[in-house]
Structure formats: C-alpha cells, structure tokens
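A.B. asks:
Number of protein chains: 2
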Amino acid sequence: MALEKKYPAGDRGMVIWFTGLSGAGKTALSRSVSLQLTAGGNKVEILDGDEVRESLSRGLGFCREDRDENVRRIGFVARLLARNGVVVLVSAISPYRQSRDDVRRAVERDELPFVEVLIRAPIEVLIERDPKGLYKKALAGEIRNFTGISDPYEEPESPGLVVDSSSESVGESTARLMSFLRRAELDQIERAQDHPEQAIESADRQSMQEGC
Amino acid sequence: MALEKKYPAGDRGMVIWFTGLSGAGKTALSRSVSLQLTAGGNKVEILDGDEVRESLSRGLGFCREDRDENVRRIGFVARLLARNGVVVLVSAISPYRQSRDDVRRAVERDELPFVEVLIRAPIEVLIERDPKGLYKKALAGEIRNFTGISDPYEEPESPGLVVDSSSESVGESTARLMSFLRRAELDQIERAQDHPEQAIESADRQSMQEGC
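Quick mapping for you: the protein sequence lines, in order, are chains A and B.
Residue 0 is where the first sequence starts when you use numbering that gives the first Met the number 0, and the numbers rise one by one after that.
Residue 0 is where the second sequence starts when you use numbering that gives the first Met the number 0, and the numbers rise one by one after that.
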C-alpha cells in the first residue's frame with residue numbers, strides 16, 4: 000500500500016470528517032475518538048466548526064458561499080496537518096456535499112485517507128435536546144440560515160460510518176468508529192504500541208461568529 | 000531544556016518567521032532554508048504570505064485590521080503544525096510589530112521556539128528589483144496600502160537574525176540562519192542523522208487577493 004511507504008507506523012496522518020446537524024453529537028464523538036487515538040500513540044488535532052469560525056473564518060457568515068469557504072479553509076489546514084502525520088478530526092456541520100467532496104478529493108490527492116462520518120438523530124430529538132437554545136431561536140425565526148430548519152443539509156452519499164446518536168451512546172459510536180478504522184487498516188494502535196517512544200500530542204482550543 | 004522532554008529529536012516543531020518588505024527576498028530564503036532543514040530530517044512547511052491570501056484569507060484586504068487578521072490566521076496554523084513537530088517557515092510581509100509579537104507569545108506559550116528573521120534591502124534596491132512590478136504601480140498611486148511606499152513597516156526590535164539581501168546571497172543568508180539555529184541548539188541536523196528512518200516531508204502550494 001503506497002501510504003505505508005510514505006508514512007511510518009504511528010506517523011501516518013488522515014482526516015476523519017464528522018458531519019451532521021447542530022446538536023447531533025459531532026463534538027462529543029470527536030473528543031471521545033480523540034482520546035482513543037491519542038492513547039494509541041497517534042498525534043491528534045480536532046478542528047471544531049464553532050472554534051474555527053473564530054480562528055480561521057472570522058467575518059464569514061452562514062450563506063452557502065461563506066459556509067463553503069469555511070469548509071475549504073478547514074480542509075486546507077486539515078491537509079497540512081495530515082500530511083505531517085497528524086490524525087485530524089474535523090467536527091463541522093458542513094452541510095453541502097460538494098464542498099465536503101472537494102476536500103475529500105484534495106486529501107486523497109495527497110494519498111491520505113479521508114473518512115466521512117455522518118452523525119444524525121431525528122430532528123424532533125435535536126429540537127428537544129437543543130443544548131445551546133439555537134433550534135428554539137431558529138424556529139422562532141430569530142436565526143436565519145439555520146441548517147435543518149431554514150437551510151438545507153445534504154447527507155453524504157456513501158459515508159464511511161453512520162452514527163445515530165439517538166439510539167447509540169458516545170462510547171458505542173466511538174467503539175464502532177475505532178473498529179471501522181481497524182477493519183480499514185487505518186488505525187495505528189497495535190503498531191503504535193510497538194513504538195512507545197513516539198510523541199503523543201493532544202488537543203484543546205477557543206470560540207465563535209458573524210453574518211453573510 | 001523543557002522542549003527536549005516533550006519533543007524527541009527530529010520531531011520538535013518551531014516557527015521561523017521571515018518578515019520584510021515586498022521583494023526583500025523572504026520567499027527565496029524560506030525555500031532555501033526549507034531544503035536544508037528537510038535534508039536534515041525535519042518536517043517542514045512553508046506558509047507563504049501570497050499563497051495564504053488565497054487559502055486562508057480570501058476576502059481580506061491590506062488595511063491594518065485585515066493585515067493583522069491575516070497574520071493571526073497564519074500564526075494559528077503555524078502553531079498547530081509546530082506543536083505536531085513541524086518546522087514552519089512563515090514568509091509574510093507582516094508589517095506590524097504588535098501582530099508578530101502576538102504570534103510569538105502564542106507560540107512560546109506552547110513552549111515552542113519562535114525565531115524572527117528580518118530581511119531587508121535599501122528601498123532603492125527594492126524599487127530597482129521590483130520583480131512583480133508592484134513598486135512601480137505603488138509609486139504611480141495605482142496600489143494603495145503598499146508597505147514601504149504608502150503603508151508603514153515596523154522592523155522587529157530584536158530579531159533573531161537580520162539579513163540584508165543587497166549585500167548577501169541567498170546561500171550566504173541560508174548558511175547564517177542554519178548556523179544561528181545550530182548555536183541556539185534549535186537545529187536537528189546532527190540528531191536527525193542518527194535517525195534516518197524519520198519521515199521527511201516537503202512543501203508546495205497556491206496564489207492571491209482582494210481589498211479593505
């Protein structure tokens with residue numbers, strides 16, 4: 000496999016892209032997966048949509064053009080990190096199929112794996128959860144361009160994994176994703192255990208926003 | 000040294016920030032240094048100002064606020080890379096001291112080295128060189144906010160290295176910078192030679208722009 004030649008064990012980057020509506024559980028799942036991957040000896044960074052709005056995309060809004068530009072920037076940074084051996088967990092609504100597919104193509108051009116994970120739950124469940132009170136505002140017409148309410152969401156046509164957070168715990172989803180990576184021979188846990196001296200990095204970070 | 004504990008040889012990131020007027024030689028020097036560092040076993044990425052205008056800062060202009068935002072974004076990405084073991088060469092006019100110092104503080108908070116390199120040449124020399132024809136346009140008033148002509152440039156107060164590209168070749172400057180890194184014990188060439196299996200990465204990339 001070409002990748003093996005370029006990326007020694009424990010030093011092969013990839014992009015795992017979590018997409019789905021607000022409140023579906025992207026952030027929780029990416030954090031949980033991050034802990035597993037870090038424990039397995041991988042370098043991991045989380046690029047979280049809300050945080051990236053502040054660090055890379057201040058001034059961008061939520062019309063399609065700005066959302067696509069935001070996804071493009073996240074993709075650019077994810078590629079830079081992944082080609083340097085980092086497992087990048089992107090957690091972003093990223094509602095448009097085209098822009099996600101553009102990132103996938105760019106990552107794969109670098110001969111790096113791109114794994115798309117769709118996280119969903121019935122809209123009634125999301126409206127019921129509503130941890131940030133955003134659905135309430137969107138339904139009251141106080142937020143425009145709100146994905147799933149007043150803005151479209153395009154599901155991936157063939158995601159690597161589909162998670163329904165209304166019927167599965169974060170722990171269960173994490174285990175399924177780790178198992179998926181293992182089956183796809185994308186995990187580095189076994190190999191990393193043979194190299195305990197490898198650098199272990201972790202993740203942290205900031206907050207968000209503005210309008211088209 | 001704290002850094003040694005966290006970053007194994009050949010896997011310690013840092014940021015080398017080339018600042019100076021347009022045409023001073025930032026891009027040429029960063030490319031030359033990149034070759035040396037890559038040959039020494041380092042992972043290297045170049046974040047070039049012109050290219051970053053397209054990949055991270057599309058829509059930003061050249062007023063102070065936008066220039067500072069551009070530098071902030073470059074700094075954010077440089078930190079992400081550096082803390083994952085990449086030597087990041089930033090080549091950007093970055094005319095304002097405050098914004099460069101903000102990045103330095105953020106990088107140093109991560110316990111990573113930040114080396115500022117000032118590249119300069121007499122303004123008459125730059126006007127004479129003018130490879131992109133930009134000085135001509137700026138002097139004719141066709142470009143506003145042009146650093147060094149119609150916009151300020153604030154030199155670093157204590158740069159790690161000062162390069163005068165009118166009196167020194169790119170090769171000489173490269174040798175001086177490598178020697179500086181060695182003296183500061185920031186180079187990893189000797190150590191990297193003990194670890195030939197380390198991943199070697201390189202750099203490539205895009206183009207620019209818009210207005211305040």
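Note that the Cβ used here is the ideal one computed from N, Cα and C, for glycine as well.
Can you name, in chain order, every residue of its own chain whose Cβ lies under 8 Å from the Cβ of A:Thr-173, other than the five neighbours on each side?
C.D. replies: Contacts found: Leu-28, Ser-31, Val-32 and Gln-35.
A.B. asks: From A:Lys-42 to A:Gly-84, what distance separates their C-alpha atoms?
C.D. replies: For A:Lys-42 and A:Gly-84, the distance between alpha carbons rounds to 7 Å.
A.B. asks: For B:Ala-139 and A:Arg-108, I'd like the C-alpha separation in whole angstroms.
C.D. replies: Taking the straight line joining both Cα atoms gives about 43 Å.
A.B. asks: Give the secondary structure of A:Leu-117 by DSSP, where H, G and I count as helix, E and B as strand, and everything else as coil.
C.D. replies: DSSP places A:Leu-117 in strand when its eight states are reduced to three.
A.B. asks: May I ask you to report which of helix, strand or coil DSSP gives A:Glu-44?
C.D. replies: Residue state, collapsed to three classes: strand.
A.B. asks: Roughly how many whole angstroms lie between the Cα atoms of B:Leu-185 and A:Phe-145?
C.D. replies: For B:Leu-185 and A:Phe-145, the distance between alpha carbons rounds to 48 Å.
A.B. asks: Less than 8 Å between the beta carbons of B:Glu-44 and B:Val-87, yes or no?
C.D. replies: Result yes, Cβ atoms of B:Glu-44 and B:Val-87 sit closer than 8 Å.
A.B. asks: So is A:Asn-41 in contact with chain B if we call contact Cβ pairs under 8 Å?
C.D. replies: For A:Asn-41, the answer is no, since every Cβ of chain B falls outside 8 Å of its Cβ.
A.B. asks: Quick one: using the 10 Å Cβ neighbour count with 16 as the cut-off for buried, is A:Gly-19 buried or exposed?
C.D. replies: Label assigned to A:Gly-19: buried.
A.B. asks: Taking only three categories from DSSP, how would you classify A:Phe-17?
C.D. replies: It is a strand residue.
A.B. asks: With a threshold of 16 other CB atoms inside 10 Å of the CB of B:Gly-48, please say whether the residue is buried or exposed.
C.D. replies: By the 10 Å Cβ count, B:Gly-48 comes out buried.
A.B. asks: Quick check: B:Ser-93 and B:Val-116, are their CB atoms within less than 8 Å of each other?
C.D. replies: Their beta carbons are not under 8 Å apart, which means B:Ser-93 does not touch B:Val-116 by this criterion.
A.B. asks: Can you give me the Cβ contacts of B:Arg-78 inside the same chain, cut-off strictly under 7 Å, excluding the 5 residues immediately before and after it?
C.D. replies: The residues are Ala-105, Val-106 and Asp-109.
A.B. asks: Run through chain B and tell me which residues come within less than 9 Å of A:Glu-44, C-beta to C-beta.
C.D. replies: By Cβ distance, chain B contributes Leu-79, Arg-82 and Asn-83.
A.B. asks: Could you list which residues in chain A have their beta carbon closer than 9 Å to that of B:Glu-68, in chain order?
C.D. replies: Arg-57 and Gly-58, listed in chain order.
A.B. asks: Candidates B:Leu-160, B:Arg-82 and B:Tyr-152: which alpha carbon is nearest B:Phe-61's?
C.D. replies: For B:Phe-61, the nearest C-alpha among the options comes from B:Tyr-152.
A.B. asks: Where A:Arg-66 and A:Leu-59 are concerned, what is the direct C-alpha to C-alpha distance, given to the nearest angstrom?
C.D. replies: A:Arg-66 and A:Leu-59: Cα-Cα distance of roughly 8 Å.
A.B. asks: Quick check on B:Ser-90: does DSSP put it in helix, strand or coil?
C.D. replies: Three-state result, B:Ser-90: strand.
A.B. asks: Buried or exposed: where does A:Ser-98 fall if 16 or more other Cβ atoms within 10 Å of its Cβ makes it buried?
C.D. replies: A:Ser-98 comes out buried.
A.B. asks: Within 10 angstroms of its Cβ, does A:Ala-23 collect 16 or more other Cβ (buried), or is it exposed?
C.D. replies: It counts as buried.
A.B. asks: Excluding sequence positions up to five away, which residues of its chain have a Cβ less than 6 Å from the Cβ of B:Tyr-134?
C.D. replies: The residues are Ile-126.
A.B. asks: Which whole-angstrom value describes the C-beta separation of A:Leu-55 and B:Arg-82, a residue pair presumed to lie in contact below a C-beta threshold of 8 Å?
C.D. replies: Contact doesn't hold; Cβ gap of about 16 Å is too wide.
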